[in-house]
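Enquirer: Numbering (the numbering used here), first residue to last: 241 to 749. All C-beta atoms, glycine included, are put in the ideal place defined by N, C-alpha and C. The structure displayed is predicted, hence computed values, not measured ones. Got a structure for you, written out below as structure tokens; questions coming shortly.
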RNA sequence: GGUCCGUUCGUCUAGCCAGGUCAGGACGCCAGGUUUUCAUCCUGGUAACACGGGUUCAAAUCCCGUACGGACUACCA
């Protein structure tokens with residue numbers, strides 16, 4: 241069926257940490273590649289030397305490792321289409337840019353950045369916009385107006401120059417986007433984009449087209465912010481005489497307040513992380529939260545992200561990466577931007593919490609306990625986790641739900657005391673203590689039947705006794721099945737807590 | 001300003017391409033139930049086709065316009 245081996249790439253710029261929008265783009269590329277038995281490539285687009293940020297590339301690699309997204313080719317991994325870092329492919333681009341000059345589709349321009357800036361300012365003052373296009377280029381400083389000799393002289397003299405694409409004056413560009421369908425733009429409204437910068441580096445436009453062609457990319461799946469560049473890219477393929485890949489422009493991830501696309505700078509101010517991993521800015525030292533550090537499971541993070549813009553067409557919402565791989569299709573990617581809901585993200589994490597085995601959860605919980613100075617046996621922790629995991633959203637919540645398993649309460653919730661420690665409570669708990677002291681079978685089931693029988697025989701109020709009992713054991717009116725708690729902490733500890741409780745709470749008149 | 005893209009419950013969305021269902025699900029929220037407590041859980045409820053025209057027996061669905069939102073408009077990606 242597949243005429244050609246699918247090859248897709250994710251091509252981030254190492255200018256800082258990758259935010260969740262970028263992760264989602266990569267995820268969709270990954271899923272598309274896997275679904276079609278294709279190849280997924282990681283290419284680093286570091287053609288802007290001024291924006292290079294130390295550690296960013298490593299961050300990107302680490303983030304994908306955490307997510308479980310793997311590459312077949314690329315930086316770190318290698319492959320026969322390398323190198324995969326554009327700065328290491330520098331030499332390639334100039335020749336291609338020159339080819340376009342030779343075939344008349346591009347030209348040299350000698351205007352300085354300062355000249356252009358002041359030109360723009362002048363236009364702006366007259367409420368106009370300066371555009372370096374077919375109408376303006378005739379009166380600017382480039383090889384289209386200079387004669388060949390002068391152009392050659394300047395080139396040889398070493399003055400800075402750029403290479404610009406010669407945008408057709410008036411041509412209808414018809415394009416097809418997998419997600420959006422037909423898109424038509426007139427070249428008249430486009431400008432002569434710089435392809436090759438005066439610093440010897442290509443711009444994104446040139447580099448991405450050349451590399452996608454050289455790396456035999458079949459599908460370009462990227463964010464919607466690139467949609468306005470699609471005509472230029474399509475024209476570039478045509479100018480080179482190359483077959484263009486198919487394009488799919490993904491809807492944007494929006495800020496939760498509904499204003500604009502999510503950006504790196506939104507940081508923590510929204511109250512949730514925008515990055516997969518924590519990031520410390522190497523210049524300012526400023527820290528940004530990450531999903532990992534906030535306690536999200538990578539499976540939950542990926543699942544949540546996948547559903548932001550894609551859906552399986554039915555009611556299912558929980559998908560492992562493998563399941564997503566089987567189900568994913570670009571046909572089912574929506575067109576409109578998605579704002580994501582931190583509440584739903586929590587819910588996803590809770591779902592994965594429930595799926596985890598007690599052993600796995602206990603292993604994750606143990607370090608949290610150690611931090612609190614608690615050394616507990618893994619078997620014991622597993623049992624505790626089994627009792628409380630359905631009330632937790634994150635591993636760290638486990639502590640709040642289970643602290644009383646590890647340490648006896650040192651205070652008793654005053655509101656609960658007022659409500660549940662009544663005049664008869666002291667004597668009843670005293671009696672209960674004697675009862676429990678006499679038990680040889682301290683299993684949850686046995687304690688429950690013995691205690692309930694005793695309550696019934698004495699004609700005590702079930703709620704009266706049980707709430708007082710819970711108050712003394714837990715310190716508050718919370719927690720799982722009380723008989724499970726006492727069975728787990730054991731007879732000795734239970735009696736000790738009853739003793740302490742009686743002493744602390746005393747007889748109420 | 002210009003170009004392009006978009007618009008179904010508060011949020012994520014199904015339904016649209018191949019017009020005909022009380023417009024479905026999930027999160028949240030509210031209520032009830034289960035429970036000795038809290039939470040979970042279960043049941044129920046709340047709530048949407050941006051607006052205006054047109055085509056048609058029939059429009060969320062097709063067409064046009066308007067409004068609103070967004071992206072882009074660098075020798076950044």
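Have a look at 542, 459, 546, 323 and flag the residue whose alpha-carbon is nearest the alpha-carbon of residue 307.
Expert: 542
Enquirer: Starting from the N-terminal side, write out each stretch of the alpha helix (DSSP H) that is 4 residues or longer and does not extend beyond the stretch 437-464.
Expert: 444-454
Enquirer: Going by Cα to Cα distance, which pick from 332, 274, 661, 430 is closest to residue 452?
Expert: 332
Enquirer: Using a 10 Å radius around the Cβ and a threshold of 16 neighbouring Cβ atoms, would you call residue 746 buried or exposed?
Expert: Answer is exposed; the Cβ neighbour count stays below 16.
Enquirer: DSSP on residue 639, reduced to helix/strand/coil?
Expert: If DSSP states are grouped into helix, strand and coil, residue 639 belongs with the helices.
Enquirer: Going by DSSP, name the residue or residues bridged to residue 221.
Expert: Because residue 221 is not part of the residues shown, which for the chain are 241 to 749, the question remains open.
Enquirer: When you compare only the Cα positions, how much space is there between residue 568 and residue 418?
Expert: Just so you know, the alpha carbons of residue 568 and residue 418 end up roughly 14 Å apart.
Enquirer: Once you ignore the five residues that flank residue 737 on each side, which residues in its own chain have a CB closer than 7 Å to its CB?
Expert: 648, 712, 713
Enquirer: Determine whether the beta carbon atoms of residue 259 and residue 573 lie at a separation below 7 Å.
Expert: no
Enquirer: Should residue 702 go down as buried or exposed, given a rule of 16 or more other Cβ atoms within 10 Å for buried?
Expert: exposed
Enquirer: Could you give the first and the last residue of the continuous beta strand (DSSP E) run that contains residue 417?
Expert: 412-417
Enquirer: Strictly by DSSP, which residues pair up with residue 493?
Expert: 578
Enquirer: Using only alpha-carbon positions, find the residue among 727, 388, 742 that is nearest to residue 624.
Expert: 727
Enquirer: Give the single residue among 247, 599, 296, 291 whose Cα lies nearest to the Cα of residue 274.
Expert: 247
Enquirer: Using only the alpha-carbon positions, how far apart do residue 349 and residue 550 sit?
Expert: 44 Å
Enquirer: Going by the CB atoms, is the gap between residue 716 and residue 663 shorter than 7 Å?
Expert: no
Enquirer: Buried or exposed for residue 442, please, with buried defined as at least 16 other CB atoms from any protein chain shown within 10 angstroms of its CB.
Expert: buried
Enquirer: Across which residues does DSSP place residue 515 in a beta bridge pair?
Expert: 530
Enquirer: Answer with buried or exposed for residue 582, where buried requires no fewer than 16 other C-beta atoms within 10 angstroms of its C-beta.
Expert: exposed
Enquirer: Suppose you measure from the CA of residue 674 to the CA of residue 653; what does that come to, to the nearest Å?
Expert: Looking at the two C-alpha atoms, the distance is approximately 25 Å.
Enquirer: Hey, how far is the Cα of residue 544 from the Cα of residue 485?
Expert: 29 Å
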